[in-house]
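Under the numbering used here, the final residue of the sequence shown carries the number 435; numbering is consecutive throughout.
Worksheet: one structure, shown below.
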Amino acid sequence: MRRTPLNLATAQTGPALSNIEQVAFYVSAGVAIPAVSWSATRGIPLDTSANLLWLSQILLANLAAWFVIAKLRSYSRARVLSYVLPVNSIAFGAVISANAFLRTSIPWSLLLICAASSLAISYLVTARIRHANPKMRHFVVPGGNVGRLLKQAGFLSLGSPRELDDLIERKLISGSIVADLHHEQGDEWARLLAKAALRGVPVYHYRLIEEAITGEVRISHLRENELGSLIPNIPYRMAKRVIDVASVIALAPFLLPALSLIALLVKLDGRGPILFYQKRLGHRGEYFKMVKFRTMHERSVEDSDDARRLDAVTRDGDDRITRVGRFLRKTRLDELPQAWNILKGEMSWIGPRPEASELANWYEDQIPFYAYRHIVRPGITGWAQVNQGHVADVDEVRAKLRFDFYYIKNLSLWLDLLIALKTIRVVLGGIGAK
2 MRRTPLNLAT
12 AQTGPALSNI
22 EQVAFYVSAG
32 VAIPAVSWSA
42 TRGIPLDTSA
52 NLLWLSQILL
62 ANLAAWFVIA
72 KLRSYSRARV
82 LSYVLPVNSI
92 AFGAVISANA
102 FLRTSIPWSL
112 LLICAASSLA
122 ISYLVTARIR
132 HANPKMRHFV
142 VPGGNVGRLL
152 KQAGFLSLGS
162 PRELDDLIER
172 KLISGSIVAD
182 LHHEQGDEWA
192 RLLAKAALRG
202 VPVYHYRLIE
212 EAITGEVRIS
222 HLRENELGSL
232 IPNIPYRMAK
242 RVIDVASVIA
252 LAPFLLPALS
262 LIALLVKLDG
272 RGPILFYQKR
282 LGHRGEYFKM
292 VKFRTMHERS
302 VEDSDDARRL
312 DAVTRDGDDR
322 ITRVGRFLRK
332 TRLDELPQAW
342 NILKGEMSWI
352 GPRPEASELA
362 NWYEDQIPFY
372 AYRHIVRPGI
382 TGWAQVNQGH
392 VADVDEVRAK
402 LRFDFYYIKN
412 LSLWLDLLIA
422 LKTIRVVLGG
432 IGAK
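As structure tokens, then:
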């Protein structure tokens, strides 16, 4: 089962630099050359045990940065250039943190020159791959549900089987061939698709291409091949739970002071409780009490399903939001108490955002397959949140559901890391908050 999304940029011709070439470039220009220059200018030998240990750590940080950036490049909507600095900072920051914890001396000048070189190399390699195939074209076999693809730049409709045969023979396909493989194409088209595959030209079902472009997964029929493909990555789901708990414990020294300060601000802002509890629909369709800082004035609500559902929706300019609450919502700091829900196993740092029970039940009645999003633990942030933001009406929720299905289908450490990086950008920009 595919766990790495299709990367259209390298679908046919491959990346501008092979993986071996990229690693060689990182090692030579990011570690070897800077280290030799540092040694020559300072007259310090590199072959001492201490310096060799440091060089090995710098090499690991360098390769880790390359590996993570290469993984992020596979995902739709990943503006990889904007993540080069954070990824390199995390990699070299981990080296600094480990040595600070072990109380070992740090040759700062060597570390800084190698870190700067690694950052420059990361930008150069990423930019090179990004602009490697600007004229890549993908050819679409007519018939079936391929109409949406023809609106995308770089996708051309084939007029006849003879045209495709000519392109194959003359080796003019720089990208791939796309078709609705569930549609009866006819014997001639089927023969040419097989011929293209044998010649090394990628042939893709249109749904796979749509997912790569949009970062969404659509479910239109209850077919085994569709729901079966959305079975989450089981080994990673188990590891993800360990990562969630360990990260909450590791962040506790930073979270507790922040939670205390925010609690004081909420209390000073007006009457009412500091924390807000709400019944949400979560993992495997089970209800739980989600906790967050109170950001709204308390109001009484009529005892009816419609009234409770409308009360659960936050709208633009909602006058229920307090002064402190508006800031907390914009920065997402009101969600920090959900670290407690993570420890209890009710939530994860990253996953489909849980809805209020009244809204979730209504959406299940209105939207087919909505309940399937509960196959994984809900999250504080998620793929839909960083790509779409806050939603209210049913059509927006349908679009959000397609993002959730993409996350479930491609669940992995690398997608979670991409979401974490995008979340930082969203929080700093205050995008999508209400």
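Every residue, glycine too, gets a C-beta built ideally from N, C-alpha and C.
(1) Grab the span of the alpha helix (DSSP H) containing Y124 for me, first residue to last.
(2) Less than 8 Å between the C-beta atoms of L265 and R295, yes or no?
(3) Could you tell me the distance, in whole angstroms, from the CA atom of M2 to the CA atom of N234?
(4) Candidates L182, A213 and G176: which alpha carbon is nearest V202's?
(5) Considering only the alpha carbon of each residue, which of L73, S38, V141 and I34 lies closest to L414?
(6) Find out if the Cβ-Cβ distance for the pair L18, V147 is shorter than 8 Å.
(7) Are there three or more Cβ pairs, one per stretch, closer than 8 Å when the region 112-124 is compared with the region 52-72?
(8) Count the other CB atoms within 10 Å of the CB of P379; is the residue buried (16 or more) or exposed (fewer)?
(9) H132: buried (16+ other C-beta within 10 angstroms of its C-beta) or exposed?
(10) Measure the Cβ-Cβ separation of Y207 and A180 and say whether it is below 8 Å.
(11) Could you pull the DSSP bridge partners for L276 from this structure?
(12) Count the CB pairs spanning the region 332-351 and the region 362-376 that are closer than 8 Å, and state whether there are at least three.
(13) Below 7 Å CB to CB, which residues in the same chain sit around P35 once its five sequence neighbours on both sides are set aside?
(14) Between which two residues does the beta strand (DSSP E) containing A62 stretch?
(15) Report yes if the C-beta distance between L422 and Y84 is below 8 Å; otherwise report no.
(16) Say the cut is 7 Å; is the CB of L53 nearer than that to a heavy atom of the ligand PLP?
(17) So within the region 155-197, which uninterrupted beta strand (DSSP E) runs reach at least 3 residues, ignoring any that extend past its ends?
(18) Using C-beta distances below 6 Å, list every residue in its chain close to L194, excluding the 5 sequence neighbours before and after it, in chain order.
(19) Which partner residues of I351 appear in the DSSP bridge assignment?
(20) Within this structure, are the beta carbons of D245 and K293 separated by less than 8 Å?
(21) For the alpha helix (DSSP H) holding F328, just list the boundary residues, first then last.
(22) If you check the beta carbons only, do Y288 and S349 fall under 8 Å apart?
(23) Check this for me: beta carbons of S158 and L151, under 8 Å apart or not?
(24) Could you give the distance in angstroms between the alpha-carbon of E170 and the alpha-carbon of L182?
(25) Using beta-carbon positions only, say whether G352 and V377 come within less than 8 Å of one another.
(26) Can you look up L403 in the DSSP assignment and give me helix, strand or coil?
(27) Helix, strand or coil for V387? Go by DSSP, reduced to three states.
(28) Are A66 and V88 touching if we call contact CB-CB under 8 Å?
(29) For F156, count neighbouring C-beta atoms within 10 Å of its own C-beta (all shown protein chains included) and say buried if the count is 16 or more, exposed if not.
(30) Please go through the same chain and pick out, in chain order, the residues whose beta-carbon is closer than 7 Å to the beta-carbon of H375, but skip the five residues on each side of it.
(31) Please state whether DSSP places V85 in a helix, a strand or coil.
(32) Would DSSP call V24 helix, strand or coil?
Working from what's here:
(1) As a first step, residue 124 must be located in the sequence shown, where it is residue number 123. Run containing Y124: W109 to R131, per the alpha helix (DSSP H) assignment.
(2) For this step, residue 265 is matched to residue 264 along the sequence shown. For this step, residue 295 is matched to residue 294 along the sequence shown. No, the Cβ-Cβ distance between L265 and R295 is not below 8 Å.
(3) One-based indexing of the sequence shown puts residue 2 at position 1. One-based indexing of the sequence shown puts residue 234 at position 233. No answer about M2 holds up, because its pLDDT of 46 lies below 50 and its placement is not dependable.
(4) Position 201 of the sequence shown, counted from the first residue, corresponds to residue 202. Of the candidates L182, A213 and G176, the one whose C-alpha sits nearest the C-alpha of V202 is G176.
(5) For the purposes of this step, residue 414 is identified with residue 413 of the sequence shown, where counting begins at 1. Residue L73 is the option with its Cα nearest to L414.
(6) Against the sequence shown, residue 18 aligns to sequence position 17. Against the sequence shown, residue 147 aligns to sequence position 146. No, Cβ-Cβ distance for L18 and V147 is not below 8 Å.
(7) yes
(8) On the sequence shown, position 378 is the one that residue 379 refers to. It counts as buried.
(9) Translated into positions along the sequence shown, residue 132 becomes position 131. It is exposed - the Cβ of H132 has fewer than 16 other Cβ atoms within 10 Å.
(10) Counting from 1 along the sequence shown, the entry for residue 207 is found at position 206. Counting from 1 along the sequence shown, the entry for residue 180 is found at position 179. A contact, by the Cβ cut-off of 8 Å.
(11) Position 275 of the sequence shown, counted from the first residue, corresponds to residue 276. In DSSP, L276 forms a bridge with F294.
(12) no
(13) On the sequence shown, position 34 is the one that residue 35 refers to. The answer, listed in chain order, is I114, C115 and S118.
(14) Your numbering for residue 62 matches position 61 in the sequence shown. Premise fails: A62 lies in the alpha helix (DSSP H), S50 to L73, not in any beta strand (DSSP E).
(15) Within the sequence shown, residue 422 is the residue found at index 421, counting from 1. Within the sequence shown, residue 84 is the residue found at index 83, counting from 1. Yes, these two residues count as a Cβ contact at 8 Å.
(16) In the structure shown, the ligand PLP is absent, as is every other ligand, since no ligand is present at all.
(17) 156-158 and 178-180
(18) Position 193 of the sequence shown, counted from the first residue, corresponds to residue 194. Around L194: V204.
(19) As a working note, residue 351 is residue 350 in the sequence shown. Bridge partners of I351: T382.
(20) Within the sequence shown, numbered from 1, the residue matching residue 245 stands at position 244. Within the sequence shown, numbered from 1, the residue matching residue 293 stands at position 292. No; because the gap between Cβ atoms is not below 8 Å, this pair is not in contact.
(21) Mapped onto the sequence shown, residue 328 falls at position 327. Residues R324 to T332.
(22) The count along the sequence shown starts at 1 and reaches residue 288 at position 287. The count along the sequence shown starts at 1 and reaches residue 349 at position 348. Not in contact: Y288 and S349 (Cβ atoms no closer than 8 Å).
(23) Against the sequence shown, residue 158 aligns to sequence position 157. Against the sequence shown, residue 151 aligns to sequence position 150. Yes; because the gap between Cβ atoms is below 8 Å, this pair is in contact.
(24) Position 169 of the sequence shown, counted from the start, is the residue given in the question as residue 170. Position 181 of the sequence shown, counted from the start, is the residue given in the question as residue 182. Answer to the nearest angstrom: the Cα atoms are 22 Å apart.
(25) As a position in the sequence shown, residue 352 is number 351, starting the count at 1. As a position in the sequence shown, residue 377 is number 376, starting the count at 1. Contact: yes.
(26) Residue mapping note: residue 403 aligns to position 402 of the sequence shown, counting from 1. Contrary to the premise, residue 403 reads as Arg rather than Leu in this sequence. DSSP places R403 in helix when its eight states are reduced to three.
(27) On the sequence shown, position 386 is the one that residue 387 refers to. In the structure shown, V387 sits in a helix (DSSP, three-state: H, G or I).
(28) Start at 1 with the first residue of the sequence shown, and residue 66 comes out as number 65. Start at 1 with the first residue of the sequence shown, and residue 88 comes out as number 87. Contact flag set, yes.
(29) For this step, residue 156 is matched to residue 155 along the sequence shown. When all chains shown are included, F156 counts as buried.
(30) Looking up residue 375 in the sequence shown gives position 374. L282, G283, H284, R285 and G286, listed in sequence order.
(31) As a first step, residue 85 is located in the sequence shown; it is residue number 84 there, counting from the start. Residue state, collapsed to three classes: helix.
(32) By 1-based counting over the sequence shown, the position of residue 24 is 23. The answer is helix: DSSP assigns V24 an H, G or I state.
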